[in-house]
């Protein structure tokens, strides 16, 4: 069997991005949560917020470190495996990537050190500012990278010369048609994902009967937040869907497994798409609902896949199922939030064992929803890297052999299968310890500043000759 | 826009040059600290060695991302040719950096596997350094190009010359790391760093000499650049100042100076860097494309230049502030435990 560098490069990219996206899915939300906690602690002066914050900062520091190292891999993928894509799109996309580095990465890196190790080295307000800056950095990073990704989905503001893209209007490039929806839907998705992790950890702390005060505060705060965010996320998802219908009809047809163009279209709840015969098997569908949801009009026309030449259709089964996984998790989350209102009203939110257990079970589902959503949009973009203009097959580096990519793919697999379980294990240990011992592990790395009391030093006599 | 009439290539050459320079010096010293970490005598000193860079390594490594992205943004043709040509060294570097990066957190948390993460840190640092040196060597030698693509094989990078530059960089980063440790530690640990620094320095000396002889022999253009009249006169200060700095470095390592070993090591790096730049100017894909031929569109360079000229000083300011917060000697009773 001939090894195909194209397929292997795609698998390798899917592998490194799928693992990487789990970390921003967590750190974007957590950075903001920590900034809020630091702010509450700063303005109210209450210790409980400090304890909760210090607890999450430890977990944040592990996940952020993993996000950095798995993130450094990403910009090099474009060069190593997708050099023709880089050559074709660099004039338009590279400034967006570079601005991500310039505005976000340095901000995060510089203030992270202070956030992690500097609590007693800088004034309290400066530590709070550091927390704000790290959170702001993660949001800036999301802004630029999602702008670039959206441009690949809905390119705008460019002209093509000799098969390469040239910029014409930077505002149109950055704020391309799908960007506002993708940014909103992704960032809120990240927040929701993090919030359910916090809810799960809080529920576990309460059930164990240790750190009940901290756990209850986390649970209550976060469920209020989710009361706003989960419905908002469903609304944003719907708006994003309308945008996709307009700009990427083939992707939407694949998501819904619609083969024939029709108005008053049904909604396929379940089906096994059969791409060979251009039909679905084992269909469970609701009449009219497809047009109603997708076009917001019972008579709305939904384009079918048969309207597109076979070589311009995305795979059908993958986006069809990944989309349903994402939506299913969303509905489950909404049910959890609604239940919390009822329990709050009864006054038993912190004592309903079954609900707290359910909170623990749902904690990791946000990550699955994020990866499922990402899979839907990226597989749905196929067979293009730049939608309708540059084929994935024409994007891969010409010099690569299948063996080359097989070796690198194996390398990334082994590395990530060591790193990610190890990181998860470490974060789980922090959770087990609870918020109480938050401060005994990370303390400040401190330079010997003249005038500080001399402490025992293993080498020399503790003189501070700096 | 009138800005579009300007030639942004010199500016971007400068920015890219500065970015790579910052990366090499900053991540150079903390990769070097990682290399020396493996030779530290006991757990206490290993903790100190690692804590000396724990708050800042992440920022240092960010310059690598910036360097890669600046190359992509300003000279995309060079990026599209060079990066696939060094497919395996880049892969090895990235995998090594992954293990090294997570070791900071993991070795203090996962005490059951501390030895594993100790090895991950020191081998990760060493292998990443070697891989970067190999990329440098392969770059100096040049690539087989067809039109806008790299046309060779993914194994072309592997030559005696690139292996030599790989080993040379290990010695070089080791020297920078020793300089940093001399600055940040005291007593026995500082003496230890001085001893290792001397060994690295001898390695650097041999490497610089061999590369300086080998490169002009390998490449007639480079020989002409350095050894024809009047270039030989204008360029003579580069080797002369290098020799003087080498002498200063040796005396600083042997004496009591705490900051000078680090400063002189940075100076040696900058001069070697300048030497390579002089050899290759104005090519960005050696023997094939000049900086101007590989440049991105004017609009791209202009759009990014506006933000970069504003952001770079700001970045340097708050990066400087974070170094200032953690200034002075590192101590073992505080930090990761």
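Residue numbers (this note's numbering), protein chains in the order written: chain A, 14 to 479; chain B, 1318 to 1654.
From the three backbone atoms N, C-alpha and C, an ideal C-beta is built for every residue, glycine too.
In the same chain as residue 1636 of chain B, and ignoring 5 residues on each side of it, the C-beta atoms closer than 7 Å to its own belong to 1376, in chain order. Taking residue 278 of chain A as reference, the option from A/293, A/288, A/383 and A/306 with the minimal CA-CA separation is A/306. Assignment of residue 256 of chain A by DSSP, reduced to helix, strand and coil, places it in the helix class. Below the 8 Å Cβ cutoff, chain B contributes no neighbours of residue 287 of chain A, its closest Cβ being approximately 38 Å away.
The contact set of residue 1439 of chain B on chain A, defined by CB atoms closer than 7 Å, is empty, because the minimum CB distance reaches about 16 Å. Sequence-distant Cβ neighbours of residue 230 of chain A in its own chain, meaning closer than 7 Å and more than five residues away, are 61 and 65. Distances from the alpha-carbon of residue 1423 of chain B to those of A/243, A/380, A/447 and A/436 put A/436 closest. Residue nearest to residue 157 of chain A within the set A/192, A/143, A/171 and A/136 is A/192 (criterion: CA-CA distance). Burial is judged here by how many other beta carbons sit within 10 angstroms of a residue's own beta carbon; residue 1464 of chain B has fewer than 16 and is exposed. Not a single CB atom of chain A sits nearer than 9 Å to the CB of residue 1450 of chain B. Ranked by Cα distance from residue 309 of chain A, the first of A/169, A/253, A/406 and A/340 is A/253. In the DSSP annotation of this structure, residue 329 of chain A is not part of any alpha helix (DSSP H), being labelled neither H nor E. According to DSSP, residue 314 of chain A shares a beta bridge with A/276. Here residue 353 of chain A really is in contact with residue 236 of chain A; their C-beta atoms are around 5 Å apart, less than 8 Å. Contact with chain B is absent for residue 316 of chain A, since none of that chain's Cβ atoms lies less than 9 Å from the residue's Cβ.
Taking residue 219 of chain A as the centre and dropping the five residues before and after it, the same chain places the C-beta of 225, 228, 229, 232, 363 and 369 closer than 8 Å to its C-beta, in chain order. If you look at residue 1329 of chain B, you'll find it in the alpha helix (DSSP H) that goes 1326 to 1354.
Under DSSP, residue 1466 of chain B takes part in a beta bridge, and its partners are B/1463. Residue 111 of chain A sits away from residue 1629 of chain B, with the two beta carbons spaced by 9 Å or more. Per DSSP, reduced to three states, the secondary structure at residue 1612 of chain B is coil, with no helix or strand assignment. Residue 105 of chain A has a beta carbon lying within less than 9 Å of a beta carbon in chain B.
Put simply, the backbone Cα of residue 325 of chain A is about 8 Å away from that of residue 395 of chain A. For residue 147 of chain A, there are no neighbours in chain B by C-beta distance under 8 Å, as the nearest C-beta there is about 11 Å away.
Taking residue 1529 of chain B as the centre and dropping the five residues before and after it, the same chain places the C-beta of 1556 and 1592 closer than 8 Å to its C-beta, in chain order. With a threshold of 16 other beta carbon atoms within 10 Å, residue 1634 of chain B falls short and is exposed. A buried status is given to residue 281 of chain A, since no fewer than 16 other beta-carbon atoms sit within 10 Å of its beta-carbon. Secondary-structure assignment with DSSP links residue 1606 of chain B through a beta bridge to B/1602. Collapsing the DSSP output to three states places residue 1449 of chain B in a helix.
The three-state reading of DSSP puts residue 1495 of chain B in helix, counting H, G and I together. Residue 1492 of chain B places its beta carbon less than 9 Å from that of residue 1520 of chain B. In this structure, residue 90 of chain A lies away from residue 422 of chain A, with their beta-carbon atoms at least 9 Å apart. Of all residues in the stretch 1423 to 1439 of chain B, those with a C-beta nearer than 7 Å to a C-beta of chain A are 1423, 1426 and 1427, reading in chain order.
By the Cβ criterion, the stretch 1504 to 1520 of chain B is in contact with the stretch 1473 to 1492 of chain B, since at least three pairs of Cβ atoms, one from each stretch, lie closer than 8 Å. For a Cβ distance threshold of 7 Å, residue set 111 of chain A lies close to residue 1387 of chain B, ordered along the chain.
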